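So the number in the working numbering is just where the residue sits in the sequence shown, counting from 1, plus 1.
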Amino acid sequence: MLSDPLALLRGWSRDPIAVGLPVASSAWTARRLAQAVLEAAIPGSGPVLELGAGTGPVTQALIEAGCPEEQIIVVERDAELCTTLERRFRDLRVLHGDALELGETLARARIPSVSVVLSGLPMRAVAPRAAARCYSVAFGLMPSGGAIIQYTYGFRSPVDVDESVLKLDATFVGREWRNFLPMGIWSYRRSNDDATAHTTK
């Protein structure tokens with residue numbers, strides 16, 4: 002089953018802040034995100050966790066890059082998009098829940114750890130406390146050196162590391178211009194983590 006653009010459009014009409022844009026990431030962007038995620042993943046520490054999967058273009062790119070479906074967990078707030086993902090990916094674990102309440106969502110699913118986190122959440126539109134709580138839980142699921150790969154339509158870091166209550170190191174991975182709108186990709190790690198062995202290129 003291919004990506005359903007109407008499902009994404011309906012999701013956007015129900016909750017435009019949560020969905021961001023009613024247009025899925027381009028194939029070029031999806032492949033670039035998948036590469037960044039798999040390069041940052043810490044082997045043996047759990048599945049890939051994707052926050053806000055939409056209709057699954059990046060999920061598909063992860064699978065095509067060699068990540069098994071059963072090693073990917075997605076958290077999606079919109080019920081119809083969850084159904085779309087379950088139909089498109091038979092072995093994907095889809096959690097219907099709010100990624101900003103990540104602790105509760107993952108506790109219910111009994112997920113103790115992950116290898117890397119991919120976030121498509123519109124962090125600039127999220128209240129700072131909620132954003133910090135989400136990131137804090139995400140980092141708590143990963144070993145030292147774990148990374149959150151965050152993508153954004155903006156031209157600056159979607160997380161203000163100087164103002165955040167979390168001490169983060171931000172790395173600009175790159176910008177994919179073959180997307181509507183152009184997509185910026187960032188990598189965040191805790192400042193006190195030893196990330197030398199897990200560098201996003």
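Ideal Cβ positions, reconstructed from N, Cα and C, are used throughout, including at glycine. Values in this document were obtained by computation on a predicted structure and should not be read as measured data.
- Secondary structure at Tyr136: helix, using DSSP grouped into helix, strand and coil.
- DSSP lists Arg191 as the beta-bridge partner residues of Leu169.
- Secondary structure of Val117 (DSSP, three-state): strand.
- Under the DSSP assignment, Val95 falls in the beta strand (DSSP E) whose first and last residues are 94-97.
- In the DSSP assignment, Tyr152 is bridged to Ile186.
- Within the same chain, and ignoring the five residues on either side of Leu52 in sequence, the residues whose Cβ sits closer than 6 Å to its Cβ are Val76, Ala100, Ser120, Leu122.
- The region 18-96 contains, as complete alpha helix (DSSP H) runs of 4+ residues, the segments 28-41, 58-65, 80-89 (chain order).
- Non-local C-beta neighbours of Ala131 in its own chain, meaning closer than 7 Å and more than five positions away in sequence, comprise Leu101, ordered along the chain.
- Distance from Asn180 to Ser27 at the Cβ level is roughly 5 Å; contact confirmed, criterion being Cβ atoms closer than 8 Å.
- Sixteen is the threshold: since fewer than 16 other Cβ atoms of the shown chains lie within 10 Å of the Cβ of Arg88, the residue is exposed.
- For Arg191, same chain residues with a beta-carbon under 6 Å away, outside a window of 5 residues either side, are Phe140 in chain order.
- Between Phe173 and the set Asp163, Arg157, Glu105, the nearest pair of CA atoms involves Arg157.
- Residue burial is scored here from C-beta neighbours: Pro48 has at least 16 other C-beta atoms within 10 angstroms and is therefore classed as buried.
- Within 10 angstroms of the beta-carbon of Gly67 lie fewer than 16 other beta-carbons, which makes it exposed.
- Ala171 sits close to Val162, with the two beta carbons spaced by under 8 Å.
- When secondary structure is reduced to three states using DSSP, Glu177 falls in the strand class.
- With a beta-carbon spacing of about 6 Å, Ile112 and Ile74 fall inside the 8 Å limit used to define contacts.
- Nearest C-alpha to Gly146 among Tyr152, Pro159, Asp92, Ser188: Ser188.
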